[in-house]
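Asks: Below you will find the structure I want to go over with you.
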Amino acid sequence: MNYKYHEEEAKKNILKLRKKLKELPPYCKDFILNLETTTTTRTRLGYVQDMQIFFHFLLEMNPLFENKTIHDITLNDLDQLTISDIDEYMSWLDLYYNGEKENQNKNPGKYRKISSLRTFYSYFCKVERMKSNPAALANTPKLPEHDIVILEPNEVAEIIDYAESGEKLTKTQKRYAPLTRLRDVAVLVLLLGTGIRVSECVGLDLTHFDFKNNTFTVIRKGGKENRIYFGEEVRQALLDYLEEGRPLLKPSPEESALFLSIQHKRISVRAVQDLVKKYGKMLETNKSISPHKLRHTFGTNIYQETGGDIYAAAELLGHSSIETTRKHYAKFSNERRKQLSNIIKLR
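If you want it as structure tokens, here you go:
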């Protein structure tokens, strides 16, 4: 199966990786090469960006690196750092400047950066090129726990209705509605009906679909290919778009993407995010609606409809770890909370 979008994205990331690695000390390349068989290009690019930020901190804040350039930083220098240096780095991440650009990190951002640093140190300790891992001793920033945000059944129906009718669109949006209406409906119905990620949605090609069996294939997070089954509502929305909506967007004969922009090419992740946000604003709710909220809605519905089958939910959502599913979905629903609130009788 050909996955053109994902192959092109991987190529872009490889070129970015090569460029950024030239800006770092040469041993960083050894670290990234070690990750090649177990991570995606996007993940490795994230590691490189995190290392750039760490080296920026050292050059700006640590006296040991005064008058040095980034390429002067050796593994021996890094081996001299202590837990106090790492704690200072964590504090610095709250607010720092890159040129004139202001950067801030809350706990999720700091959590990722300390994890990257631990992995970096761990690798060089394992190959005996460093002796200590001060990042492993640092406190891990606590991640906030939030109840997941989902659409209620009436809100699911309403957001699809608004896309179909276009009744709440602005004058400017109505100009493009004849071209995009069926596409927008198909995107919303597909996200709500299958729970796929926005990147998976954008990467879909025409050749990925088998309408005889109501299935399509996607590349999941981590590069694994998965077959997804869909129901009749999803099937009808997709066929309506393919028969009437997609031709209006005038794709070139060689364009294989399922969902197109008004520029006649593959729709972008940002465009799908904006599309969902646009219709989400039409709902009478204070929820901020995004493609991931639609995924949460699907996951919650599956978990509840299967009587709390966490394994079924994990399989359909494409989670590599059951703990990810458990963390998000193995909680009481709001409806169940309401029911339980009346169990205790005080008088």
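Numbering (the working numbering), first residue to last: 349 to 695.
In this text, a Cβ means the ideal position worked out from N, Cα and C, and glycines have one as well.
Give the range of the alpha helix (DSSP H) segment to which N382 is assigned.
Replies: Counting from 1 along the sequence shown, the entry for residue 382 is found at position 34. Element bounds for N382: 375 to 382.
Asks: Would I401 pass as a contact of K449 if the rule is Cβ separation under 8 Å?
Replies: By 1-based counting over the sequence shown, the position of residue 401 is 53. By 1-based counting over the sequence shown, the position of residue 449 is 101. In this structure, K449 does not lie closer than 8 Å to I401 by Cβ.
Asks: Quick one: grab the DSSP three-state call for Y351.
Replies: Counting from 1 along the sequence shown, the entry for residue 351 is found at position 3. Here Y351 sits in coil by DSSP.
Asks: From the DSSP output, read off the bridge partner residues of F559.
Replies: The sequence position of residue 559 within the sequence shown is 211, counting from 1. DSSP, once it has assigned bridges, lists no residue as partnering F559.
Asks: Determine the burial state of Y677: buried for a count of at least 16 other Cβ atoms within 10 Å of its Cβ, exposed for fewer.
Replies: Along the sequence shown, one-based indexing puts residue 677 at 329. Buried: at least 16 other Cβ atoms inside 10 Å.
Asks: CA-CA distance, H354 and A483?
Replies: Translated into positions along the sequence shown, residue 354 becomes position 6. Translated into positions along the sequence shown, residue 483 becomes position 135. Answer to the nearest angstrom: the Cα atoms are 33 Å apart.
Asks: Look at the alpha carbon of F472 and the alpha carbon of A660, and state the distance between them as a whole number of angstroms.
Replies: Along the sequence shown, one-based indexing puts residue 472 at 124. Along the sequence shown, one-based indexing puts residue 660 at 312. Whole-angstrom Cα-Cα distance: 39 Å.
Asks: Could you compute how far the alpha carbon of G579 sits from the alpha carbon of L642?
Replies: Numbered from its first residue, the sequence shown carries residue 579 at position 231. Numbered from its first residue, the sequence shown carries residue 642 at position 294. Each residue's Cα considered, the two are about 16 Å apart.
Asks: How many whole angstroms separate the CB atoms of A701 and L538, which I take to be in contact at a CB cut-off of 8 Å?
Replies: In the structure as shown, the chain begins at 349 and stops at 695. Residue 701 is therefore absent and cannot be evaluated.
Asks: Going along the chain, which residues of its own chain have a beta-carbon closer than 6 Å to the beta-carbon of G551, five neighbours each way excluded?
Replies: To locate residue 551, count along the sequence shown from 1; it is residue 203. Taken in chain order, the residues that qualify are Y353, H354.
Asks: Cutting at 8 Å between CB atoms, please list the residues of its own chain near K629, excluding the five before and the five after it.
Replies: What you label residue 629 is simply residue 281 of the sequence shown in a count that begins at 1. If we look at K629 and ignore the five residues flanking it on each side, its Cβ neighbours are I637.
Asks: Between which two residues does the beta strand (DSSP E) holding K449 run?
Replies: Position 101 of the sequence shown holds residue 449. For K449, the enclosing beta strand (DSSP E) stretches over residues 449 to 451.
Asks: Contact defined as beta carbons within less than 8 Å: I believe I431 pairs with L372. What is the distance between those atoms, to the nearest angstrom?
Replies: Position 83 of the sequence shown, counting from 1, holds the residue named residue 431. Position 24 of the sequence shown, counting from 1, holds the residue named residue 372. That pair is no contact at about 24 Å.
Asks: Exposed or buried, which one is I362 when buried takes at least 16 other CB atoms within 10 Å?
Replies: If you number the sequence shown from 1, residue 362 lands on position 14. So I362 ends up on the exposed side.
Asks: State the DSSP-derived secondary structure class of S496, mapped to helix, strand or coil.
Replies: Here residue 496 corresponds to residue number 148 of the sequence shown, with the count starting at 1. Looking at the sequence itself, residue 496 is Ile, so the reference to Ser does not match. In this structure, I496 counts as coil in the three-state DSSP scheme.
Asks: Span of the beta strand (DSSP E) holding T575?
Replies: Here residue 575 refers to the residue found at position 227 of the sequence shown. It is worth fixing the name first, because residue 575 is Arg in this sequence and not Thr. Segment 573 to 577, the beta strand (DSSP E) holding R575.
Asks: Taking only three categories from DSSP, how would you classify I507?
Replies: Within the sequence shown, the letter at position 159 stands for residue 507. Looking at I507 - three-state DSSP - the assignment turns out to be helix.
Asks: At which residues does the beta strand (DSSP E) containing N446 begin and terminate?
Replies: For the purposes of this step, residue 446 is taken as residue 98 along the sequence shown, with counting starting at 1. Where N446 is concerned, the enclosing beta strand (DSSP E) stretches over 444 to 446.
Asks: Measuring alpha carbon to alpha carbon, tell me which residue in T673, E632, P639, H640 is nearest Q652.
Replies: Position 304 of the sequence shown, counted from the start, is the residue given in the question as residue 652. Among T673, E632, P639, H640, the Cα nearest to that of Q652 belongs to T673.
Asks: With a threshold of 16 other CB atoms inside 10 Å of the CB of M349, please say whether the residue is buried or exposed.
Replies: Within the sequence shown, residue 349 is the residue found at index 1, counting from 1. Classification of M349: exposed, given that the 10 Å Cβ count is below 16.
Asks: Rounded to the nearest angstrom, what separates V582 and D427 at their Cα positions?
Replies: In the sequence shown, residue 582 corresponds to position 234, counting from 1. In the sequence shown, residue 427 corresponds to position 79, counting from 1. Roughly 56 Å separates the two Cα atoms.
Asks: Could you check if F680 is buried or exposed, using at least 16 other CB atoms within 10 Å of its CB as the buried criterion?
Replies: Translated into positions along the sequence shown, residue 680 becomes position 332. In this prediction, F680 scores a pLDDT of 47, lower than 50, which makes its location untrustworthy; no coordinate-derived value is stated.
Asks: Leaving out five residues before and five after D398 in sequence, what residues of the same chain have Cβ atoms less than 6 Å from its Cβ?
Replies: Against the sequence shown, residue 398 aligns to sequence position 50. Residues K461, S464 of the same chain have their beta carbon placed closer than 6 Å to that of D398, with the five preceding and five following residues left out of the count.
Asks: Fully enclosed by the region 572 to 639, which alpha helix (DSSP H) runs are 4 residues long or longer?
Replies: 580 to 588, 617 to 628
Asks: Over the uninterrupted alpha helix (DSSP H) stretch that includes P482, give me the two end residues.
Replies: In the sequence shown, the residue the question calls residue 482 occupies position 134. Here P482 belongs to no alpha helix (DSSP H), and DSSP marks it neither H nor E.
Asks: For N567, which three-state DSSP category applies?
Replies: Counted from its first residue, the sequence shown places residue 567 at position 219. Note on residue identity: the sequence assigns Ile, not Asn, to residue 567. If DSSP states are grouped into helix, strand and coil, I567 belongs with the strands.
Asks: Please list, in chain order, all residues of the same chain as T645 whose beta carbon is under 7 Å from its beta carbon, the five residues on each side excluded.
Replies: Within the sequence shown, the letter at position 297 stands for residue 645. Excluding positions up to five away in sequence, the list reads I498, L499, V504, L540.
Asks: Have a look at R545, A619, D435, K377 and flag the residue whose alpha-carbon is nearest the alpha-carbon of L485.
Replies: Stepping through the sequence shown from its first residue, residue 485 is reached at position 137. It is D435 whose Cα lies nearest to the Cα of L485.
Asks: What's the gap between the Cα of T565 and the Cα of A605?
Replies: The count along the sequence shown starts at 1 and reaches residue 565 at position 217. The count along the sequence shown starts at 1 and reaches residue 605 at position 257. Those two C-alpha atoms are separated by around 13 Å.
Asks: With DSSP collapsed to three states, give me the class of D657.
Replies: Residue numbering aside, residue 657 sits at position 309 when the sequence shown is read from its first letter. It is coil, neither helix nor strand.
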